[in-house]
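Enquirer: Chains as they are written, first to last, in this note's numbering: chain A, 49 to 130; chain B, 183 to 429.
Quick reminder that beta carbons are idealized off the backbone N, C-alpha and C, glycines included.
Below, the structure is given as structure tokens:
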């Protein structure tokens, strides 16, 4: 099974990198861009893991390792497999 | 008093810390390898600056899981003194021994310069050789030193008096300009509630000799030495009973 995990800053946390990207886009004339949030993407292959197992395993490793729950949130989805 | 400096792959201030403690402060100091399980009976564990495990994922995020850090965690829980400098501070945050987290510096630049920090509380084991309001001139060198904590945590830290150092100007005024990395409340260093664990972004080991432009960093090491060797009880009500670690 292949899963994709997206880690990004919580809405309450300022994201200076996202802001800089937004400013650059404005400079290039993309005035429609009103907000940019930058994050990290992890694609993880899991072996011998059922969908049910993944539903507890992926949030666990996201909370413990991939994201710092004080400043970051995460979303995840299954890309491949059952 | 015996110091132990932890070495991770990617630590780069480990030998600076050993030099400051052993050659300048004249105290026995050992290097502790991150894969070991033995703290070798040290009285104080120093987590030095650098880029442990390349700072991949997040600063300090991987170092936190190394075998020796589990020992350091237990040592700290039993009242052992732990000093985290720069990357060491980041590791203590990731480990949960100190509250909060680090964000990228507000100007998105790696900052390498001398800064001034003000001692907010001179009753801690890390500042007792100084005085409240004293300004120390110590260098910083970091990318992620923008201290953040959720509003409730921040209020709690302030209420408990856990902010030990704030960025300030040469006269000791805490201003926005002096707060070079954008830390909330100008926080440069905090302690845990019990008072035996402290993390700070500036590098006291790089400011321990006049030859290097400042001796102000010695105040922190001198304080630690006093707290162990003079065994003078701190004036603040003693937290949990300090357990000595004689192995």
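1. Out of 222/B, 214/B, 238/B, point me to the one whose CA is closest to residue 326/B's CA.
2. Kindly identify the DSSP beta-bridge partner or partners of residue 515/B.
3. State yes or no: is the C-beta of residue 388/B within less than 8 Å of the C-beta of residue 399/B?
4. Along the chain, where does the beta strand (DSSP E) that runs through residue 370/B open and close?
5. State yes or no: is the C-beta of residue 255/B within less than 8 Å of the C-beta of residue 221/B?
6. Given a cut-off of 8 Å, decide if residue 227/B and residue 192/B are closer than it, judged by their beta-carbon atoms.
7. Within a Cβ cutoff of 7 Å, which residues of the same chain sit near residue 303/B, ignoring the five residues on either side of it in sequence?
8. Look at the Cβ atom of residue 206/B, then the Cβ atom of residue 337/B, and state whether they are nearer than 8 Å.
9. Counting only beta-carbon separations shorter than 8 Å, does residue 283/B have a partner in chain A?
10. What separation, rounded to the nearest whole angstrom, lies between the Cα atoms of residue 287/B and residue 257/B?
11. Scan the region 310–366 of chain B and note each continuous alpha helix (DSSP H) run of 4 residues or more that stays entirely inside, going in chain order.
12. Report the rounded CA-to-CA distance for residue 190/B versus residue 381/B, giving the unit in angstroms.
13. Return no unless some Cβ of chain A is closer than 8 Å to the Cβ of residue 431/B.
14. Below 8 Å between beta carbons is the criterion; list the residues of the region 63–77 of chain A that meet it against any residue of chain B, in chain order.
15. By how many angstroms is the C-alpha of residue 59/A removed from the C-alpha of residue 82/A?
16. What's the call for residue 295/B, buried or exposed, on a 16-neighbour Cβ count within 10 Å?
17. Pop quiz: residue 231/B and residue 194/B are said to be a contact at Cβ under 8 Å. What is the actual Cβ separation, rounded to whole angstroms?
18. Can you list, in chain order, the residues of its chain whose CB lies under 8 Å from that of residue 74/A, leaving out five sequence neighbours each side?
19. Would you list, in sequence order, the uninterrupted alpha helix (DSSP H) runs of no fewer than 4 residues that lie entirely inside the region 252–277 of chain B?
20. Below 8 Å CB to CB, which residues in the same chain sit around residue 127/A once its five sequence neighbours on both sides are set aside?
21. Secondary structure at residue 388/B, three-state DSSP: helix, strand or coil?
22. Using the Cα positions of residue 352/B and residue 371/B, report the straight-line distance between them to the nearest angstrom.
23. Taking the C-alpha atoms as reference points, what is the distance between residue 396/B and residue 411/B?
24. Relative to chain B, which residues along the region 90–121 of chain A have a C-beta separation below 8 Å, given in chain order?
25. Comparing the C-beta of residue 131/A with each C-beta of chain B, is any distance below 8 Å?
26. Assuming residue 348/B contacts residue 369/B under a Cβ cut-off of 8 Å, what Cβ separation, rounded to an integer in Å, is found between them?
27. How many angstroms separate the CA atom of residue 199/B from the CA atom of residue 335/B?
Expert: In brief:
1. Comparing Cα-Cα distances from residue 326/B to each of 222/B, 214/B, 238/B, the minimum goes to 238/B.
2. Only positions 183 to 429 of chain B appear in this structure, which leaves residue 515/B out of reach.
3. Inclusion of residue 388/B and residue 399/B in the CB contact set at 8 Å is warranted, their separation being smaller than that value.
4. Per DSSP, residue 370/B belongs to the beta strand (DSSP E) from 369–373.
5. In this structure, residue 221/B does not lie closer than 8 Å to residue 255/B by Cβ.
6. No, the pair does not count as a contact, with Cβ atoms beyond the cut-off.
7. 309, 314, 343, 346.
8. No, the Cβ-Cβ distance between residue 206/B and residue 337/B is not below 8 Å.
9. The Cβ of residue 283/B sits closer than 8 Å to at least one Cβ of chain A.
10. Across the structure, residue 287/B and residue 257/B are spaced so that their CA atoms are roughly 31 Å apart.
11. Correct list: 333–341.
12. When rounded, the distance between both Cα atoms is 17 Å.
13. Nothing can be reported for residue 431/B, as the shown portion of chain B is limited to 183 through 429.
14. Cβ contacts with chain B: 64, 65, 68.
15. Looking at the two C-alpha atoms, the distance is approximately 14 Å.
16. Counting every other CB atom within 10 Å of its CB across the protein chains shown gives residue 295/B a total below 16, marking it as exposed.
17. With a contact defined as Cβ atoms closer than 8 Å, residue 231/B and residue 194/B qualify at about 7 Å.
18. Counting only Cβ-Cβ distances below 8 Å, and skipping sequence neighbours, we find 81.
19. Secondary structure within the region 252–277 of chain B: the alpha helix (DSSP H) runs of 4 or more consecutive residues, fully enclosed, are 269–277 (chain order).
20. Cβ neighbours of residue 127/A beyond the five flanking positions: 50, 51, 52, 91.
21. Helix, per DSSP.
22. Residue 352/B and residue 371/B have their alpha carbons spaced roughly 17 Å apart.
23. Distance from the CA of residue 396/B to the CA of residue 411/B, rounded to the nearest whole angstrom, comes to 25 Å.
24. Result list: 113, 114, 116, 118, 119.
25. Past the boundaries of the shown model lies residue 131/A; chain A is included only from 49 to 130, so the question cannot be answered.
26. Between residue 348/B and residue 369/B a beta carbon distance of about 6 Å is seen, short of the 8 Å cut, so the two are scored as contacting.
27. Pairing residue 199/B with residue 335/B, the inter-Cα distance amounts to about 31 Å.
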